[in-house]
Amino acid sequence: MSLRSLARCLLRSASSQAPVVSRSARPAARQFSAARVLSQSPAPSVGPSRPLKPLPSLPPAPPYPCPLITQEELDEYLIPLYDHDWRVAVKDNLFGLQRRINITKYKFVLEFVNELAEYAKAESHHPEITFTYSSVTVRLLTHSATSHPSGENPEPTQGITMRDVRLAILTERLVERFLDAGYIGAKTFAVGRVPYNVEALGAVFGRRELACFICQQPGHKPNECPQRFTTPPNQPCTLCGDLHWRFLCPRTKTGRRAMREAQRKGASQPPSSSASSSS
0 MSLRSLARCL
10 LRSASSQAPV
20 VSRSARPAAR
30 QFSAARVLSQ
40 SPAPSVGPSR
50 PLKPLPSLPP
60 APPYPCPLIT
70 QEELDEYLIP
80 LYDHDWRVAV
90 KDNLFGLQRR
100 INITKYKFVL
110 EFVNELAEYA
120 KAESHHPEIT
130 FTYSSVTVRL
140 LTHSATSHPS
150 GENPEPTQGI
160 TMRDVRLAIL
170 TERLVERFLD
180 AGYIGAKTFA
190 VGRVPYNVEA
200 LGAVFGRREL
210 ACFICQQPGH
220 KPNECPQRFT
230 TPPNQPCTLC
240 GDLHWRFLCP
250 RTKTGRRAMR
260 EAQRKGASQP
270 PSSSASSSS
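And the structure:
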């Protein structure tokens with residue numbers, strides 16, 4: 000007997016010994032299987048949606064130097080932008096008007112960044128634009144703003160001005176075009192603050208000089224702290240397991256650069272976990 004004939008015989012034998020399922024039992028089995036599949040299937044992702052509040056009209060270009068926004072300007076322009084996922088967020092001890100846009104494909108990310116750069120050039124603005132393969136983050140801040148004409152503080156300051164608001168609205172117009180074309184991805188939770196009056200907004204910018212988390216002193220960043228090599232963290236580095244700050248880890252490019260600079264200046268080496276365990 001050939002192998003093919005033997006396989007056919009075995010299949011006939013197995014089918015004759017299999018239990019017979021009645022027709023009345025089959026729908027229940029199908030229902031149970033469908034219910035189990037539905038219970039194990041992941042929840043659908045939230046797709047892009049349009050904001051509830053309409054985008055404010057583009058205000059006229061302000062003079063230079065530009066004053067900080069007033070309460071009327073905040074009510075008319077900034078509060079509607081909050082509904083479009085703009086937030087007042089902190090980065091490198093500085094607060095700014097920030098927005099993250101998720102985009103479906105990398106080629107559309109590059110297209111978005113290039114068009115936004117043209118807007119910024121036309122506005123004579125210098126926004127911070129960072130992007131990944133699937134998102135673009137826009138950060139707006141006027142470093143040389145003036146206090147609104149009140150005579151109390153004529154010194155230059157930093158904060159949100161109508162120059163930032165104009166570029167934010169132009170950015171949203173670009174987002175709407177990409178949304179209509181189907182290039183905008185699912186929304187993510189917007190991180191940051193939403194001040195609803197100029198006093199709260201001024202308080203946010205008044206706290207822009209945060210304390211260094213190494214020495215607890217203001218005036219510098221942690222990677223510039225004079226105690227960054229001598230004061231170890233409470234937990235080992237998550238990259239290598241030694242007891243030093245993560246930004247000083249020799250496994251990173253910035254860490255190796257910091258070590259070379261420290262050796263060139265004669266600074267002491269950061270403490271390691273092996274050294275602390277032997278003491």
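If you count the sequence shown from 1, position 112 lands on 111 in numbering that gives the first Met the number 0, and the numbers rise without skipping. A virtual CB, placed ideally from N, CA and C, is assigned to each residue, including glycine.
Beta-carbon contacts of residue i that lie in its chain and below 7 Å, excluding the five residues immediately before and after
i: glutamine 226; result: Ile213 and Cys214
i: histidine 219; result: Cys211
i: glutamine 262; result: none
i: proline 126; result: Ala119, Val137, Arg138, Leu139 and Leu166
i: lysine 264; result: none
CB of residue i within 7 Å of CB of residue j, strictly
i: alanine 167; j: glycine 158; result: no
i: leucine 242; j: proline 235; result: yes
i: tyrosine 81; j: valine 193; result: yes
i: leucine 140; j: glycine 95; result: yes
i: phenylalanine 246; j: threonine 253; result: yes
Nonlocal neighbours in the same chain, by C-beta distance under 6 Å from residue i, ignoring five residues either side
i: serine 32; result: A caution first: serine 32 carries a pLDDT of 38, below 50, which makes its placement in the model unreliable, though a value can still be read off. Closer than 6 Å at Cβ, skipping near neighbours: no residue.
i: asparagine 222; result: Phe246
i: leucine 57; result: Ile168
i: threonine 230; result: Ile213
Pick from the options that is closest to residue i, judged by C-alpha positions
i: phenylalanine 188; options: Arg259, Glu260 and Arg98; result: Arg98
i: threonine 160; options: Thr136, Lys186 and Gly201; result: Gly201
i: phenylalanine 111; options: Lys52, Glu171 and Lys264; result: Glu171
i: aspartate 163; options: Arg138, Lys252 and Tyr182; result: Arg138
i: glutamine 70; options: Gly240, Pro221 and Asn196; result: Asn196
i: glutamine 186; options: Trp85, Phe228 and Pro126; result: It should be noted that the sequence gives lysine, not glutamine, for residue 186. Comparing Cα positions, the closest option is Trp85.
i: tyrosine 260; options: Phe228, Cys239, Pro64 and Pro232; result: Checking the displayed sequence, the identity of residue 260 turns out to be glutamate instead of tyrosine. Ranking the options by Cα distance to glutamate 260, first place goes to Phe228.
i: isoleucine 78; options: Thr230, Leu54 and Ile183; result: Leu54
i: glycine 184; options: Cys239, Pro58 and Val174; result: Val174
i: alanine 199; options: Pro58, Ile68 and Lys52; result: Ile68
Closer than 6 Å: residue i CB and nearest the ligand PLP heavy atom
i: serine 146; result: For the ligand PLP, the structure offers nothing, since it holds no ligand at all.
Cβ neighbours of residue i in the same chain (closer than 8 Å, five flanking residues each side left out)
i: glutamate 122; result: Ala60, Arg162, Arg165, Leu166 and Leu169
i: valine 135; result: Arg99, Ile100, Ile102, Val108, Phe111, Val112, Leu115, Ile128 and Thr129
i: aspartate 179; result: none
i: cysteine 65; result: Thr141, Ala144, Thr145, Thr160, Met161 and Arg162
i: glycine 181; result: Thr103
Please determine if the segment 103-110 and the segment 126-137 are in contact, where contact requires at least 3 C-beta pairs separated by less than 8 Å.
-> yes
Check whether the segment 83-90 touches the segment 109-125, counting contact only when three or more Cβ pairs, one atom from each stretch, lie closer than 8 Å.
-> Taking 8 Å as the limit for Cβ pairs, the verdict is that the segment 109-125 does not touch the segment 83-90.
Completely contained beta strand (DSSP E) runs for the segment 102-146, where each covers 3 or more residues = 127-130, 134-139 and 141-145
Can you list the alpha helix (DSSP H) stretches of 4 or more residues lying completely in the segment 166-252, in chain order?
-> 197-205
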